[in-house]
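Everything in the sequence shown is counted per the numbering used here, starting at 1065 for the first residue and increasing by one.
Encoded as structure tokens, the structure appears first; notes follow it.
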Amino acid sequence: MLSLNDILTLLPELYLTGAVCMLLLIDVFLKQDQRWVTHWLAILVLAVTGWLVVSGQPATPATAFGGMFVRDGVAEVLKVFALLCSGIVLVLSRPYMRDRELHIGEFYTLILFATLGIMLLVSAGSLLMVYLGLELLTLSSYALVALNRDSSLSSEAAIKYFVLGALASGMLLYGMSMIYGATGTLDLGAIRAASATSAHPTLLLFGLVFLIVGIGFKFGAAPFHMWLPDVYQGAPTAVTTFIGSAPKLAAFGMAYRLLDSGMGGLVVHWQEMLAVLAVLSLAIGNIVAIAQKNLKRMLAYSTISHMGYLFLGLANGTPEGYAAAMFYAICYALMATTSFGIILALARAGFEAEEIADLKGLNQRSPWFAGLMALAMFSLAGVPPLFGFFAKVLVLKAAIDAGMLWLAIVAIVAAIVGLYYYLHVVKVMYFDKPEGEPLSAQVDPSLRLVLSANALALLALGLWWGPLLAWCQRAFAA
């Protein structure tokens, strides 16, 4: 039976659900030239949801619906930054979607529903809630990728994403069924307790393998990365900006809930599996990215390599390692919104600005955006004193503390390899001859403001990263 405690614990999620449904109804009665109402209402909904998350956060972890839903420090941090990234995406996307006649209400409602899925996923206390949140996120993402129905590239990307995503979800569900068979419960805390004394350890390990496959796919980690480059390139850049940011926070939340909260008793086994995924992701992501000419595909392979770094923190298997991995996930999400946001700012009707060659001489045409892109590239590369440098240092330390010095060495070598393709983008912007007209006058003021703040935050958080790291550490210390 629904209690007052359940309602208060789920208040942000309940509010977001009701607000999205109301927004969907309001949008039906709006004309195309009134779509700005939906735009600002969606941003307001995200802002209010964020306020409810922070203001209503309990001093100690709270549960609802018999432990199916958990509201703790980890969920709070991930929700705040997922809502922030979604809001950034909405602001950055409006001019792009309007120029391509894709400025429709469904874009906003699908992103809000996907954000709701993220919030449920990172607060999951049972296998059932993990799957519910995951499917709400992924089904919304499939529809977003296919939003441009006139583009064969988008349709192809959506079909690939749907087929491979359904396969990965099936594997994850199969693993969950075996874990349920071995432990007799869906509750993650009970699974962790039962895993140490289970009479079916082989079945439990077999289920763990399928969980890792599902986690690897949602992260976009090698060798489960085959969908990522095609989806990043084929989807409208506004959608790619969303898929490349907030869902990565959800993937971390899912991995933490399943591996630590649920399978913490088998940490020795999944540490080794994550180490293998990390090596494959670092190698494949960085090496293949070098050959890319399309900027979105290059950033897709870059994403694969960054998920390898994130696995370094997860493989540590301690609160310190999880805090470092969360810090890295937040860092990557903000770097992704900046990188794809620059593409959105430079694109215009009939010109997608998604080839690296399109950035030739950008410094002469628009010095400010060239500087913002340089900040994003240097941060992705891990150049001090930017945000990405300290995030890399923390996950490398986590790997060394876990006794995996060899893995840290592999990651350092991979970082050096990755410098090439990031610096190549900077070289094209600053040393190649300019092509095209100046872009500064063509950019929407709200886009310019939010994108500039997003990019400069990479520098600010690189200089003052202590408070954010302390927040992440407190979340796991509770």
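We put the CB at the ideal spot given by N, CA and C, even for glycine.
Keep in mind that this is a model prediction, so the values were computed, not measured.
Local conformation of residue i per DSSP, three classes
| i | result |
| --- | --- |
| Val1134 | strand |
| Ala1505 | For Ala1505, the predicted model reports a pLDDT of 47, less than 50, meaning its position is unreliable; a value from the coordinates is still stated below. Ala1505 falls in the helix class under three-state DSSP. |
| Glu1165 | coil |
| Asn1518 | helix |
| Val1457 | helix |
| Asn1358 | strand |
| Arg1158 | helix |
| Ser1067 | coil |
| Ala1123 | coil |
| Glu1140 | helix |
| Arg1321 | helix |
| Arg1213 | coil |
| Ser1190 | strand |
| Glu1008 | Because residue 1008 is not part of the residues shown, which for the chain are 1065 to 1542, the question remains open. |
| Thr1081 | helix |
| Leu1410 | helix |
| Leu1236 | helix |
| Pro1076 | helix |
| Ala1466 | coil |
For residue i, the first and last residue of its enclosing alpha helix (DSSP H)
| i | result |
| --- | --- |
| Thr1305 | 1301-1307 |
| Ser1345 | 1331-1354 |
| Ala1534 | 1530-1541 |
| Met1327 | Per DSSP, Met1327 belongs to no alpha helix (DSSP H) and is neither H nor E. |
| Arg1429 | 1426-1429 |
| Val1447 | Counting along the chain, Val1447 falls outside any alpha helix (DSSP H), and DSSP gives it neither H nor E. |
| Gly1482 | 1469-1495 |
| Asp1097 | Premise fails: Asp1097 is in no alpha helix (DSSP H) and is neither H nor E. |
Residue span of the beta strand (DSSP E) that contains residue i, given as start and end
| i | result |
| --- | --- |
| Thr1127 | 1126-1128 |
Straight-line gap, residue i to residue j (C-alpha atoms, nearest Å)
| i | j | result |
| --- | --- | --- |
| Tyr1385 | Arg1162 | Before going on, a small fix: residue 1385 reads as Gly here, not Tyr. Rounded to whole angstroms, Gly1385 to Arg1162 spans 42 angstroms at the Cα level. |
| Ala1463 | Leu1533 | 17 angstroms |
| Gly1284 | Val1489 | 23 angstroms |
| Asn1212 | Ser1218 | 6 angstroms |
| Leu1116 | Leu1075 | 7 angstroms |
| Gly1526 | Met1390 | 16 angstroms |
| Met1327 | Gly1377 | 17 angstroms |
| Gly1131 | Ser1187 | 10 angstroms |
| Leu1185 | Pro1498 | 45 angstroms |
| Ala1417 | Val1459 | 33 angstroms |
| Pro1125 | Gly1137 | 7 angstroms |
| Asn1069 | Thr1127 | 9 angstroms |
| Tyr1225 | Met1290 | 9 angstroms |
| Lys1095 | Ile1168 | 10 angstroms |
| Phe1540 | Ile1276 | 22 angstroms |
| Thr1440 | Met1493 | Rather than Thr, the amino acid found at residue 1440 in this sequence is Ala. Ala1440 and Met1493: Cα-Cα distance of roughly 13 angstroms. |
| Thr1305 | Leu1511 | 13 angstroms |
| Leu1426 | Leu1142 | 35 angstroms |
| Ala1478 | Ser1309 | 22 angstroms |
| Val1295 | Ile1152 | 20 angstroms |
| Ala1083 | Pro1287 | 39 angstroms |
List, from N- to C-terminal side, the alpha helix (DSSP H) runs of 4 residues or more that fit wholly inside the segment 1376-1402.
none
Considering only residues of the segment 1239-1317, which uninterrupted alpha helix (DSSP H) runs meet the minimum length of 4 residues and lie entirely inside it, listed in chain order?
1252-1259, 1265-1283, 1292-1298, 1301-1307
The segment 1257-1271 / the segment 1134-1148 touching (three or more Cβ pairs under 8 angstroms):
no
When you compare the segment 1167-1182 with the segment 1103-1117, are there three or more beta-carbon pairs, one atom per stretch, that lie closer than 8 angstroms?
yes
Within the chosen definition, does the segment 1243-1253 reach the segment 1337-1346 through at least 3 CB pairs nearer than 8 angstroms?
no
Looking at C-beta atoms only, is the number of pairs between the segment 1439-1454 and the segment 1477-1491 that lie closer than 8 angstroms three or more?
yes
Within the chosen definition, does the segment 1352-1369 reach the segment 1426-1433 through at least 3 CB pairs nearer than 8 angstroms?
no
Is it the case that the segment 1308-1325 contacts the segment 1195-1211, given that we only count it when at least three CB pairs across the two stretches are under 8 angstroms?
yes
Does the segment 1406-1417 come close enough to the segment 1372-1379 that 3 or more CB-CB pairs lie under 8 angstroms?
no
Measuring CB atoms only, is the segment 1397-1406 touching the segment 1515-1523, in the sense that at least three cross pairs come out at less than 8 angstroms?
yes
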